[in-house]
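In the UniProt record's numbering, the protein residues as written are 1 to 112.
All C-beta atoms, glycine included, are put in the ideal place defined by N, C-alpha and C.
Since the structure is predicted, the reported quantities are computational estimates derived from the model, not experimental observations.
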């Protein structure tokens with residue numbers, strides 16, 4: 001099981017704000033921007049957001065967009081669940097298949 005942890009404000013006071021990436025290869029940045037601005041992701045990619053370092057876990061590509069949109073709205077408790085068959089680009093052997101099932105849930109509650 002993997003979890004996302006949202007750090008409280010006390011973290012910044014004690015340990016400092018999360019750092020940002022100072023430099024990214026410009027050719028790479030332009031390719032990433034092109035893909036994210038395309039029809040596939042359908043949002044405006046911003047370099048200042050991409051430079052922010054974040055705690056990460058394994059989630060679907062859509063989760064970040066959903067959480068971003070939810071953050072713009074007033075707080076209401078919500079639960080989201082997803083059960084998917086997803087592709088994994090690995091060598092097939094006795095312990096790995098070319099696809100696997102992923103189940104994830106997100107629980108948005110007060111004072112968690």
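Span of the alpha helix (DSSP H) holding residue 37? By 1-based counting over the chain shown, the position of residue 37 is 37. Residue 37 -> alpha helix (DSSP H) spans 26-37.
As assigned by DSSP and simplified to three states, the class of residue 46: One-based indexing of the chain shown puts residue 46 at position 46. Residue state, collapsed to three classes: coil.
Rounded straight-line distance, which links the Cα of residue 69 to that of residue 82: Numbered from its first residue, the chain shown carries residue 82 at position 82. Numbered from its first residue, the chain shown carries residue 69 at position 69. Their backbone Cα atoms lie some 18 Å apart in a straight line.
DSSP-derived helix/strand/coil call for residue 94: As a first step, residue 94 must be located in the chain shown, where it is residue number 94. In this structure, residue 94 counts as coil in the three-state DSSP scheme.
Minimum C-alpha distance to residue 77 - residue among 30, 109, 43: Here residue 77 refers to the residue found at position 77 of the chain shown. Looking at the Cα atoms, 109 is the closest of the given residues.
As assigned by DSSP and simplified to three states, the class of residue 5: As a position in the chain shown, residue 5 is number 5, starting the count at 1. Its pLDDT being 47, under 50, residue 5 is placed unreliably in this model, and the coordinates cannot settle the point.
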